[in-house]
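Let me begin by presenting the structure, written as C-alpha cells, before commenting on it.
Number of protein chains: 2
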Amino acid sequence: MGVKALDYESLNENVKEVQYAVRGELYLRASELQKEGKKIIFTNVGNPHALGQKPLTFPRQVIALCQAPFLLDDPNVGQLFPADAIARARHYLSLTPGGLGAYSDSRGLPGIRKEVAEFIERRDGYSSDPELIFLTDGASKGVMQILNCIIRGQGDGVLVPVPQYPLYSATISLYGGSLVPYYLEESANWGLDVNNLRESVAQARFNGITVRAMVIINPGNPTGQCLSEANLREVLNFCHRENLVLLGDEVYQQNIYQDERPFISSRKVLMDMGQPISKEVQLVSFHTVSKGYWGECGQRGGYFEMTNIPPKTVDEIYKISSISLSPNVPAQIFMGLMVNPPKAGDISYEQYVRESKGILESLRRRARMMTDGFNSCKNVVCNFTEGAMYSFPQIRLPPKAIEASKNAGKVPDVFYCLKLLEATGISTVPGSGFGQKEGVFHLRTTILPAEEDMPEIMSSFKKFNDEFMEQYEAVKI
Amino acid sequence: MGVKALDYESLNENVKEVQYAVRGELYLRASELQKEGKKIIFTNVGNPHALGQKPLTFPRQVIALCQAPFLLDDPNVGQLFPADAIARARHYLSLTPGGLGAYSDSRGLPGIRKEVAEFIERRDGYSSDPELIFLTDGASKGVMQILNCIIRGQGDGVLVPVPQYPLYSATISLYGGSLVPYYLEESANWGLDVNNLRESVAQARFNGITVRAMVIINPGNPTGQCLSEANLREVLNFCHRENLVLLGDEVYQQNIYQDERPFISSRKVLMDMGQPISKEVQLVSFHTVSKGYWGECGQRGGYFEMTNIPPKTVDEIYKISSISLSPNVPAQIFMGLMVNPPKAGDISYEQYVRESKGILESLRRRARMMTDGFNSCKNVVCNFTEGAMYSFPQIRLPPKAIEASKNAGKVPDVFYCLKLLEATGISTVPGSGFGQKEGVFHLRTTILPAEEDMPEIMSSFKKFNDEFMEQYEAVKI
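Chains W and D, in that order, give the protein sequences. Under the UniProt record's numbering, the first sequence has 368 at position 368, and the numbering climbs by one with no breaks. Under the UniProt record's numbering, the second sequence has 411 at position 411, and the numbering climbs by one with no breaks.
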C-alpha cells in the first residue's frame, strides 16, 4: 500500500505548519502529570470557571429555563426561579421558534442580534445595524472565518502584534497566508508604536507580500496593555493610509484594571474621526461571553460586527456561515443576556451587581498581586496587567541556563516553564508561543487562580525561580 | 482608495466558489416572504424542532440542572426534577471540573468520550478507543476539519455521492480541492453501484486528479436510501484497493423507516472483514445530536471516530481542534445522554421510550405519506424514504416549463421551487443544489412537518404541481 491520505506524510502542509502553544508541549506535559496524580494549577488558558470562578446566577437561571421550557408551566417553578428570570426565559423563547433545539439563522437569532446592536449603540453612541452583526461559536470561530475570506495565499499578509495570541498565527498558517509581525514595546508597558507598524509593512512589501489586514488585541493578550484613544486613532489612520482591514479583538473589554485608560472601542474612535475615514476603513470587531466577569468559555458564544463592509461581501460571509448551519443557540442567549443584563429595579439586579463587581474587583487585586509577585523574583521583570487576564513577565535567563536548555534540546523558555511545572505544578505557556524579540524570554500566566490561593502560588513560583537562577548563575564557566 | 481586502473583488476566490443551496436563493426568498407576513413551511433544512417536534424531556432536565448547578442544593429541586435526572446531572458535573462554563479539552471531555466509545462498542461489537473520538460542535464542523487535513489543493479529489448533501461540495470548494462525483442510481432506489465509483475515479485520474477520499452518507441525504452490508463491503474493498480514506456520514443512523436493511456502521463492516483490510482502511465516522429522534440541532453537538489513523495524524487533528479551544460543553453532555439514555428500571425510562418511539413511528408514517403523496402527482416520481429525513422526488418538467425558466433566467428546478414557494409557502431546495444528472430535475423536502399537517401540505403541493404541469403542457409550441 502507498501513503494514505491521512498519513502524516501526506497531510495538508498548512495543517502541519500550524503552531498552537496555548495547548502545546507544556499543556500536554501538565495533562500527563495530572493523570499521574500531581496537582496542577492550569494557568495556560484564560478559563476562569476551571479555576473556581462561579458563574453569574441570573444568566444560568434563564438558560436553565430555556433548556427546560416545560418548567415554565410547572406551578412550583417560582420556588426555584425568580420572576425576572422566568420573564426573561419567556422572552428568549419567543425569539427562537422551535426553542434551543432548532437551528437558528446562520447569522444567529435576529432578536438577539438586535439586542447586541442596541448594546453597541449604548456603548459607543453610534447606531449599529443588526444585519451586520453575526453571532458565532466563540470569538475564535469568527476570527477564523474573516481571515479565511481575506487570505488568498502566501502573498497576503496580516499584521499581528508580537507578542500575540496564537489564534492569529495558527489561523494564518492554516489558511496559507503570511504573518507580518509588529513588535509591542515592552519598555513602554507593551505600547503600540506606529513607527513599528510602518517598518513592518515596508519589510513585508520588500519581501513581496501584500499586507491586507491588521489585528489589534485591546486589552492585550498576552501583554495586558490598554490602548489609548490617541493610539487607536493613529492605528485607524494607518489602516486608512495603507488600505488595511482592521480586525479589533476586543474580547477583554470588561477586563480593565486601571482608571487612566478605560476601554474604548475601535468602532467608536473610527466614528468619532468623521468622514471620509469613518466611511472608508473596513473594520471587524469581535466580542465573546468567555471573558469579562462572565467567563462562560465552555458555552462558546461570540459575535463580530462589520463596519464599512460591502453588502456583497456580507452575503459571502453569510454563505460561509451557512455551511455549518448555525452557531449554538444556548450561547446566543448568553450573549443576549450579557449585552442586556438585569437593570436597576429588577429582582435579580442587586445579586447580579454584587457577583459581577466581586469578580472584577478581585481580578484587579489579583493583577496587582501577580505583577508585584513577579517583580520580587530574581531576574524577573513584569509590566502591570492593565487589562485582560494575563501576566507576561520577562525571565532573564543566565547564559548557563540557556546552554542547559540547548543541551536538553529545548527552547530556553520552554525549558524554564517545564522545570517550573515539574517543581510547582504551575502550568504556564512559554513566551516563544506568542513571539518575542530574539534572545528575550517570557512566560504567560493567567491572573485567574483563586485570590486566596495567590500568595501560595506566587511564593511557590518565587522559590522555584530564585533557586533556578541561583543554580545556573552559580555554575562555573 | 484601491480595492480593499474585504471588497468582493478581492476576497479569497475559494470563498466565492462555494455553493450552498440549503440556505440559498429559495431560503432567502422564503425568509423575505415570511417577513412580509406569509406563512412559510420551512422544509429546506432537517430542523425538527422548528417544525414542532418536542425535545425529549430527560436530557433537557439534565442539562437544565447542569446549567444551574445551584439548584442541586435547593431543597425544592425534587419538586421539579426526577431523581434520575438529578443523579445524572451530578454525574456529568463530576466529569467537567469548572462546570459548563469552563473550556474542556479540545477533543471534548474525557468522560464523555468514554461513554461514546462504550456506545460504539455495544452497537458494533468491537471495542473503541476514547482517544480516537473527538467531540465537535455538530457533525459538519468535524467533516470540515477532516477535509481540511486531507485537501492540499486542486489536484486532490474527494469522491462524493450525487445527489449529495452540499456540506461536502461547499467544504471542498472552500478548501480548494476537487469534488469527484459518483452518481447514485435513482432507478435502483438510489443504490450505490461500485461500477460508477470505478468510472468516476478513472475519469478523475484522466483529469490529473489524485482521488484521496470517499464520502458515503448512510442513510442517504437527500436520497434516503439505506446501504446494505454487502454494499458497504464493496465500498470498503474499493477504498482499500484505491487507497482512499472513507468518510462515513452516519448522522441518520437512528432514522430508519424499513426493516429489510437496519443500520449497520461502516466500522462494524470493516472490522467484520478481518485483516488485512480491517487494519488498513482509514475511516472517519461522524455522528450528531441533531438528527435521530433527538433533533437537537440548535445545541450543535457531534463526534467523529477515527479508525486506522496514525497517532501523528491524530496529534495534528488535535492541534487544529485546539485553535478554537473546545467544542461547546452543554452539547457534549447532550452527546453523553444520547449514547447513554435512561435504562429499564430508571424513573424516566418509560417516558423516554414513549417519547422517542412516538417520534420515530410518526416519522415512519410521514415518510410513507410523503412518498405516496408525491407519487400521486402529475409528472412526479419518488423513491420511498428508507431512512434519514428527506424526500427527493423527481419532477419531470415539460419542455415549455424549461423554456419559461430559461426566459426567467433561472435553473428549471429553481424556477419550479420558487413558484411552489410563492403559491403554497412550502420552502424546498431545488435538486440542482445537490447535483443531479443532466436534464433531470428534483427537489428536496424534509419529512418533518407535523403529522397532522401532512395531508394539507401534500394536497396543497399536489394542487400547485398539477396546475403547473397542466399550464405548461397546454402551451402550444
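Just so you know, even glycine gets a beta-carbon here, dropped at the ideal spot from N, CA and C.
Run through DSSP, which three-state label would residue i get?
i: D/Arg261; result: coil
i: D/Tyr303; result: strand
i: D/Ile309; result: coil
i: W/Tyr390; result: strand
i: W/Ile402; result: helix
i: W/Thr288; result: strand
i: W/Pro430; result: strand
i: D/Asp84; result: helix
i: W/Asp101; result: As written in the sequence, residue 101 of chain W is Gly, which differs from the Asp given in the question. If DSSP states are grouped into helix, strand and coil, W/Gly101 belongs with the helices.
i: W/Ser31; result: helix
i: residue 486 of chain D; result: Because chain D spans 1 through 477 in this model, residue 486 of chain D falls outside it and cannot be assessed.
i: W/Leu247; result: strand
i: D/Leu6; result: coil
i: D/Val414; result: helix
i: W/Ser94; result: helix
If you drop the 5 nearest sequence neighbours on each side, which residues of the same chain put their C-beta closer than 6 Å to that of residue i?
i: D/Ser106; result: Ser321, Ser322 and Ser326
i: D/Phe464; result: Leu420, Ala423 and Thr424
i: W/Thr446; result: Thr43, Gly46, Met389 and Tyr390
i: D/Leu51; result: Leu448 and Pro449
i: W/Ala401; result: Tyr472
For residue i, I'd like the list of residues in its chain whose CB is within less than 8 Å of its CB, leaving aside the five on either flank, ordered along the chain.
i: D/Lys279; result: Asn308
i: W/Pro166; result: Gln19, Tyr20, Ala21, Val22, Gly433 and Phe434
i: D/Ile256; result: Pro219, Cys226, Pro262, Phe263, Glu386 and Gly387
i: D/Leu179; result: Gly157, Val158, Val160, Tyr168, Ser169, Ile172 and Ser173
i: D/Glu452; result: none
i: W/Leu132; result: Glu305, Met306, Thr307, Ile309 and Val314
So that I know if they touch, is there some Cβ in chain D lying closer than 7 Å to that of residue i?
i: W/Asp249; result: no
i: W/Pro55; result: yes
i: W/Ser187; result: no
i: W/His49; result: yes
i: W/Gly98; result: yes
i: W/Asp7; result: yes
i: W/Cys239; result: no
i: W/Ser322; result: yes
i: W/Asn76; result: yes
i: W/Val15; result: yes
i: W/Gln164; result: no
i: W/Leu71; result: yes
i: W/Gln282; result: yes
i: W/Asp137; result: yes
Let me see if you follow: with CB-CB separation under 7 Å, is residue i close to chain W or not?
i: D/Pro330; result: yes
i: D/Thr313; result: yes
i: D/Arg152; result: yes
i: D/Lys417; result: Note on identity: in this sequence residue 417 of chain D is Cys, with Lys being the wrong assignment. Not an interface residue.
i: D/Tyr103; result: yes
i: D/Ser140; result: yes
i: D/Ala21; result: no
i: D/Gln145; result: no
i: D/Ala170; result: yes
i: D/Gln471; result: no
i: D/Gly298; result: yes
i: D/Lys39; result: no
Write down the C-beta distance between residue i and residue j rounded to the nearest angstrom, noting that I regard them as a contact closer than 8 Å.
i: W/Asp129; j: W/Met271; result: Not a contact, Cβ separation roughly 13 Å.
i: W/Val380; j: W/Pro393; result: 5 Å
i: D/Pro330; j: D/Ile63; result: 6 Å
i: W/Ala102; j: D/His91; result: No, W/Ala102 and D/His91 are not in contact; Cβ-Cβ is about 27 Å, not under 8 Å.
i: D/Val289; j: D/Met338; result: 5 Å
Report all residues from its chain with a CB closer than 7 Å to the CB of residue i; omit the five preceding and five following residues, and keep chain order.
i: W/Met469; result: Lys378, Asn379 and Pro398
i: D/Ile41; result: Gly425, Ile426, Ser427, Pro449 and Ile457
i: D/Tyr318; result: Ser106 and Arg107
So, does the CB of residue i fall closer than 7 Å to a CB anywhere in chain A?
i: W/Gly2; result: Structure shown: chain A not included; protein chains present are W and D.
Task: 3-residue-minimum beta strand (DSSP E) runs that sit fully inside the region 180–218 of chain W, ordered along the chain - done: 210–217
Task: Uninterrupted alpha helix (DSSP H) stretches inside the region 106–170 of chain D (no shorter than 4 residues) - done: 110–124 and 139–150
- [ ] Mind listing, in chain order, the continuous alpha helix (DSSP H) runs of no fewer than 4 residues lying wholly within the region 312–340 of chain W?
- [x] 329–339
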